[in-house]
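Structure, as structure tokens:
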Amino acid sequence: MSQELPKAYDPSLIEEKWSKFWVDEKIFSVPTPADASTIKPFVQLLPPPNVTGRLHIGHMLEHTQMDILTRWRRMSGDTAVWVPGTDHAGIATQMMVERQLAAEGSPNRKTLGREAFTERVWEWKQQYGSAITEQMKRLGASVDWSREYFTMDDRLSVAVKEAFVRLWEQGLIYRGAYIVNWDPQIQTAVSDLEVDSEEHVGKLYTIRYPLVDGTGSITIATTRPETMLGDVAVAVNPTDERYVALIGKKLILPLVGREIPIVADDWANPEFGTGAVKVTPAHDPNDFAIGQRHNLPNITIFDQTAHVDLPGSPFHGLDRFEARERIVVELESIGALVEIKDHPMTVPISQRTGVIIEPRLSMQWFIKIQPLADKAIEAVEKGHITFTPDNNRKTYMEWMTNIHDWCISRQLWWGHRIPAWHCKACGCITVSRDIATACSGCGITDIHQETDVLDTWFSSGLLPFTVFGWDGSNDLTPDLAAFYPTQQLVTGFDILFFWVARMIMLSCHFMLDVPMPDGSPRTLADAVPFRNVYIHALVRDADRQKISKTKGNVIDPIEIVTKYGTDAVRFTLAAQASPGTDIAFNEARTEGYRAFANKIWNAARFLQMNIDRGREAGYKVSLESHDSVSIELPEHTPLETRWIFSRLSTVSDSVAHSLADYRFDEAANSVYQFFWGEFCDWYLELVKLRMDFFPDENGIFKPHSDVAAITLNALVSVFEAALRLLSPFMPFLTEELWHALYTSVGTPSPAQSIALTHYPRAEDFAADEPSVLAMTTLQDLIVTIRGLRKELAVPEKESTPIQIHASAQIYGLAHANADMLSRLARVDAVEPALATLTGNNARSTSAFDVAILYERQIDVAAERERITKDLAKYNKGLEAADKQLGNEGFIARAPAHIVEGLRKQHTETLALKQKAEAALAALPAE
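What follows is the structure in structure tokens.
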């Protein structure tokens, strides 16, 4: 044996080695096929993490699931391509570099200028921007690194520009002044999807606006009194009898002195506040709509940093919240403030910075959402795209049918600069694929390029086809022919609208113009970016609380991986991942799966030992090709070997079906139960009965046995197949043991990596239901006997006879496998019983009665003392539990899992007490 495995399993010794091997040897790189019709593609696009990102537990769940699917499909014969990449993350990256400049004491962005600042961002990207992809490599993601992209790459930038220009030429992009969500910290618009809502208890201010003619006043209620500086009207409902006579009259705007009209508008709700609402079109989307309906002016009162920008006003230069305080004081001083009261309200918060969003009128670029949305709706309605879990389909459809035009401009310097030029002379906008030198309207050369960049979701929305070479020419590139559309998208619910919906809209729009590989027109069914969207769950902490920095329950996957190994963490996530169910990550489970890996490691060492001993004894050890199908078993193959191959057949089929249904939990648990429960706990113990590789007391080996030869080779074959079965879930462990196994056998491995071998299928192994039924009966018998021995306190090393009352078939089975019962249940004789077996030494099942013939000699006095001490301990435990469970305050305050655990402990202790009492009563009198 030239590659003896170390005694202890240490993932740190193998993981870095194999992750480097997979990357260096380009194990997962897939060349573009000359003929796309010759492959069965399975293609996934990695949801591109931000270039500023670091791996978090949500990433690891997502990457684990994608990797399992990719490895499984690759081993199942598909051409599996997992395309990696990172997003340039305009806002996050610009913020990161600006903070770096400030920390260095370097000139800020505006002092540097756009070109120098952009160069500085590229420098940052080259130095720090690959952290998350390096982490992915270290954790063994089986992506095709030769296809890695960055959304600001030159080839993708060309495609982004082409897409923008084409949408402009098609009349689907326009520029206009609209209310946007403005982040005053980073001074850019952000989308509705980048805004969180937080419930706050704010204030509702009631303010009196006097009529110009001095005949009275109207009171309005507002949560943002500072915006009154931009009021241009007060709106009342045309059906509100309180104000009908006032419609058309004018009011004096307090503190400002501007005359503003009273207008009738259905938006005014008679039931809210006073029924009259102030109208500030430049700082509220509903007010903006009112302003458009009534042809009202727009007065912007805040600058880009949310400070009052009204030269000459006493509030000029004040922050919006400082202005609020000052305005309230001034209103009170002039008697215009009627009242202030607490008011529950929803506050919009920027996901990017955590500051309160300021609705602001701003010139922005928009995409008309029709007809893009209609195609995206039709693609899902007709089943060209499916969602798992299916409830996400309903969520998607509801959002798409109520979608608004998409603001695609951002007031940043880092990103794809909008290819549009403005003419000062005629106001014309020139959109061009090349750098424009003259106005397309009047021809003058005094034009300047748009300073805004495109929303990052615009460029990432194009990825399903731009990563495969689309540049707007509508030529079918070889990669597009082979790999578009992709088959699978695994992603989180949080970007269902950010990214998923936008990929569907843009792909269905642009790819309809690209012909199919055979030259025929592409239909909507083949224009979609992917066939299925799997929305994975959230990872929560062990108490099922949402993970957040505020709660201090953040799970660092790198820390857990360092402690337990990548395979154990992957298996933890997989074993808990089922569609629609969040994962409660518990480190104790990871520790358990680390023990699972160790169990397999020890099994491999057991195989190595027996391969060596078998070879020394003259046995030929062989390992059939990993592509072998329907392994033929000799007629005299032992029961346990026929059983293990049949179970391997069933489990292979079960795992495949579970993965096809995204039941990662079922698949992982099936592999776990087979490898640990059936292979390690049963089969490895039973094969020791068959193999005669050990010399007798005189150092002489027994004559060769056909059964021993069959068993040794079957053991090697089953273990090799089981490694392949486990490989997508635990790639590092299986890679190491698979190569070690071939080295031990002395046969060259049939592939560079276990990942390039054949995934086990049901038809690869002989199904044998009679053997499974027989083995299941024997297992039930052995487990029953073991339980009886424990209850009767039979010494572990002492063998006992048993009696069986069962059918002739079951008795014959037990008698024929007496050696199995002897080894696994310490049975030294099997006797038939003519009648039903009863008593403390017997147990009954639906298939048999079994009794252990054993009389325990006990010291009655000592046993009575022992049981009495146990009863005292149980009573003390029950008394303490009753006290806690009877305390209503404790029950109300304690976490649910603590209370549930206490109740479970109480039930178990009570059962133990009752059992002890029965045992005490059964003792003979002294």
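At position 159 of the sequence shown (counting the first as 1) the number is 234 in our numbering, and the numbers step up by one without a gap. Note that the Cβ used here is the ideal one computed from N, Cα and C, for glycine as well. Just so you know, these numbers come straight off a predicted model, no measurement behind them.
(message) In this structure, how does DSSP classify E90 when only helix, strand and coil are distinguished?
(response) The count along the sequence shown starts at 1 and reaches residue 90 at position 15. Three-state result, E90: helix.
(request) Please report how far the alpha carbon of R901 lies from the alpha carbon of P870, in whole angstroms. (result) The sequence position of residue 901 within the sequence shown is 826, counting from 1. The sequence position of residue 870 within the sequence shown is 795, counting from 1. Distance between the alpha carbons of R901 and P870 is about 10 Å.
(request) Answer yes or no: the CB of L764 versus the heavy atoms of the ligand SAH, is any distance below 7 Å? (result) Within the structure as shown, the ligand SAH is missing, as the structure has no ligands at all.
(message) Can you tell me whether C517 is buried or exposed? The criterion is at least 16 other CB atoms within 10 Å of its CB, across all chains shown.
(response) Along the sequence shown, one-based indexing puts residue 517 at 442. It is exposed - the Cβ of C517 has fewer than 16 other Cβ atoms within 10 Å.
(message) If you follow the alpha helix (DSSP H) that Y203 is in, where does it begin and where does it stop?
(response) One-based indexing of the sequence shown puts residue 203 at position 128. R189 to Y203 is the span of the alpha helix (DSSP H), which, as asked, contains Y203.
(request) Let me know the beta strand (DSSP E) ranges lying completely inside the region 377 to 442, each 3 residues or longer, listed in chain order. (result) 412 to 425 and 433 to 442
(message) Taking 8 Å as the threshold (C-beta atoms), are V126 and G204 in contact?
(response) The residue labelled residue 204 in the question sits at position 129 within the sequence shown. The residue labelled residue 126 in the question sits at position 51 within the sequence shown. Yes, Cβ-Cβ distance for G204 and V126 is below 8 Å.
(request) Could you round the C-beta distance between S266 and D530 to whole angstroms and report it? I think they count as a contact, below 8 Å. (result) One-based indexing of the sequence shown puts residue 266 at position 191. One-based indexing of the sequence shown puts residue 530 at position 455. At roughly 7 Å, the Cβ-Cβ gap stays under 8 Å, so S266 and D530 are in contact.
(request) Apply the 10 Å Cβ neighbour rule to L121 and answer buried if 16 or more other Cβ atoms are within range, or exposed otherwise. (result) Within the sequence shown, the letter at position 46 stands for residue 121. Buried.
(request) Could you name the residues of the same chain whose beta carbon sits closer than 7 Å to that of I483, not counting the 5 residues immediately before and after it, in chain order? (result) Working through the sequence shown from its first residue, we reach residue 483 at position 408. The answer, listed in chain order, is W440, F441, I442, L529, D530 and F533.
(message) So, at 6 Å on beta carbons, what are the nonlocal neighbours of I610 in its own chain, with the 5 sequence-adjacent residues on each side left out?
(response) The residue given as residue 610 occupies position 535 in the sequence shown. Taken in chain order, the residues that qualify are N467 and F568.
(message) Applying the 10 Å Cβ sphere with the 16-neighbour rule, what's the burial state of Q1003?
(response) Because the chain here runs from 76 to 1001, residue 1003 falls outside it and cannot be looked at.
(request) State the Cα-Cα distance for the pair T875 and Y929, rounded to the nearest angstrom. (result) For the purposes of this step, residue 875 is taken as residue 800 along the sequence shown, with counting starting at 1. For the purposes of this step, residue 929 is taken as residue 854 along the sequence shown, with counting starting at 1. Those two C-alpha atoms are separated by around 7 Å.
(request) Using only alpha-carbon positions, find the residue among A891, P159 and T421 that is nearest to H138. (result) Here residue 138 refers to the residue found at position 63 of the sequence shown. Considering only alpha carbons, the answer is P159.
(message) Considering only the alpha carbon of each residue, which of P823, Q140, A926 and A883 lies closest to R864?
(response) Taking the sequence shown and counting its residues from 1, the one referred to as residue 864 is at position 789. Considering only alpha carbons, the answer is A926.
(request) Name the one or two DSSP bridge partners that T281 has. (result) Sequence index remark: in the sequence shown, residue 281 carries index 206 (1-based). In the DSSP output, where bridge partners are listed per residue, T281 has A296 and E414.
(request) Work out the CA separation of Q210 and D903 for me, nearest whole Å. (result) Here residue 903 corresponds to residue number 828 of the sequence shown, with the count starting at 1. Here residue 210 corresponds to residue number 135 of the sequence shown, with the count starting at 1. One C-alpha to the other measures close to 57 Å.
(request) Kindly identify the DSSP beta-bridge partner or partners of R250. (result) Along the sequence shown, read from residue 1 onward, the residue named residue 250 stands at position 175. DSSP lists W440 as partners of R250.
(request) Note down, in chain order, each residue of its chain lying with its Cβ closer than 6 Å to the Cβ of S703, except the 5 sequence neighbours on either side. (result) Counting from 1 along the sequence shown, the entry for residue 703 is found at position 628. Model confidence at S703 stands at a pLDDT of 49, short of 50, so the residue's coordinates are unreliable; what they give is reported in the following sentence. The answer is none, since no qualifying residue turns up.
(request) Please check the pair Y694 and A617, which I expect to be a contact at CB under 8 Å, by giving their CB distance rounded to whole angstroms. (result) What you label residue 694 is simply residue 619 of the sequence shown in a count that begins at 1. What you label residue 617 is simply residue 542 of the sequence shown in a count that begins at 1. So it is not a contact: roughly 49 Å between Cβ atoms.
(request) Take the Cβ of C583 as the centre, count every other Cβ of all protein chains shown within 10 Å, and call the residue buried at 16 or more, exposed below. (result) Mapped onto the sequence shown, residue 583 falls at position 508. Buried, because 16 or more other Cβ atoms sit within 10 Å of the Cβ of C583.
(request) Please confirm if the region 223 to 237 is in contact with the region 647 to 660, defined as three or more CB-CB distances below 8 Å between the two stretches. (result) no
(message) If you measure between the beta carbons of F750 and L801, is that distance less than 8 Å?
(response) Within the sequence shown, residue 750 is the residue found at index 675, counting from 1. Within the sequence shown, residue 801 is the residue found at index 726, counting from 1. For F750 and L801, yes; Cβs fall inside 8 Å.
(request) Check the C-beta distance from A652 over to Q140 and give it rounded, since I have them as a contact under 8 Å. (result) For this step, residue 652 is matched to residue 577 along the sequence shown. For this step, residue 140 is matched to residue 65 along the sequence shown. A652 to Q140, Cβ: 6 Å. Contact.
(message) By alpha-carbon positions, which one of Y834, R898, R717 and S745 ends up nearest to A849?
(response) As a first step, residue 849 is located in the sequence shown; it is residue number 774 there, counting from the start. Of Y834, R898, R717 and S745, the residue nearest in Cα terms is R717.
(message) So for G752, helix, strand or coil by DSSP?
(response) As a working mapping, residue 752 is identified with position 677 in the sequence shown. Reduced to three states, the DSSP call for G752 is helix.
(request) Return the first residue and the last residue of the alpha helix (DSSP H) that Q445 is part of. (result) Within the sequence shown, numbered from 1, the residue matching residue 445 stands at position 370. Where Q445 is concerned, there is no enclosing alpha helix (DSSP H), given that its DSSP letter is neither H nor E.
(message) Can you give me the C-alpha to C-alpha distance between T541 and A234, rounded to a whole angstrom?
(response) Residue 541 sits at position 466 when you count from the first residue of the sequence shown. Residue 234 sits at position 159 when you count from the first residue of the sequence shown. Each residue's Cα considered, the two are about 6 Å apart.
(message) Quick check: the region 272 to 280 against the region 422 to 439, are at least 3 beta-carbon pairs closer than 8 Å?
(response) yes
(message) Which complete alpha helix (DSSP H) runs does the region 638 to 685 hold, if anything under 4 residues is left out?
(response) 641 to 650
(request) Verify whether the separation of the beta carbon atoms of G305 and I376 is less than 8 Å. (result) In the sequence shown, counting from the first residue as 1, residue 305 sits at position 230. In the sequence shown, counting from the first residue as 1, residue 376 sits at position 301. In this structure, I376 lies closer than 8 Å to G305 by Cβ.
(request) Have a look at the DSSP bridge pairing and note the partners of G567. (result) On the sequence shown, position 492 is the one that residue 567 refers to. Answer by DSSP bridge pairing, in chain order: H611.
(request) Reducing DSSP to helix, strand and coil, say where P999 ends up. (result) By one-based count along the sequence shown, residue 999 stands at place 924. P999: coil per DSSP, three-state reduction.
(request) On a CA-only basis, which of E79, T154 and I132 is nearest I112? Give me that one, please. (result) For the purposes of this step, residue 112 is taken as the residue at position 37 of the sequence shown. Strictly speaking, residue 112 in this sequence is Ser, with Ile absent from that position. If we check each option's Cα against that of S112, T154 comes out closest.
(message) Using the three-state DSSP reduction, which class does Y834 fall into: helix, strand or coil?
(response) Within the sequence shown, the letter at position 759 stands for residue 834. Looking at Y834 - three-state DSSP - the assignment turns out to be coil, as it is neither helix nor strand.
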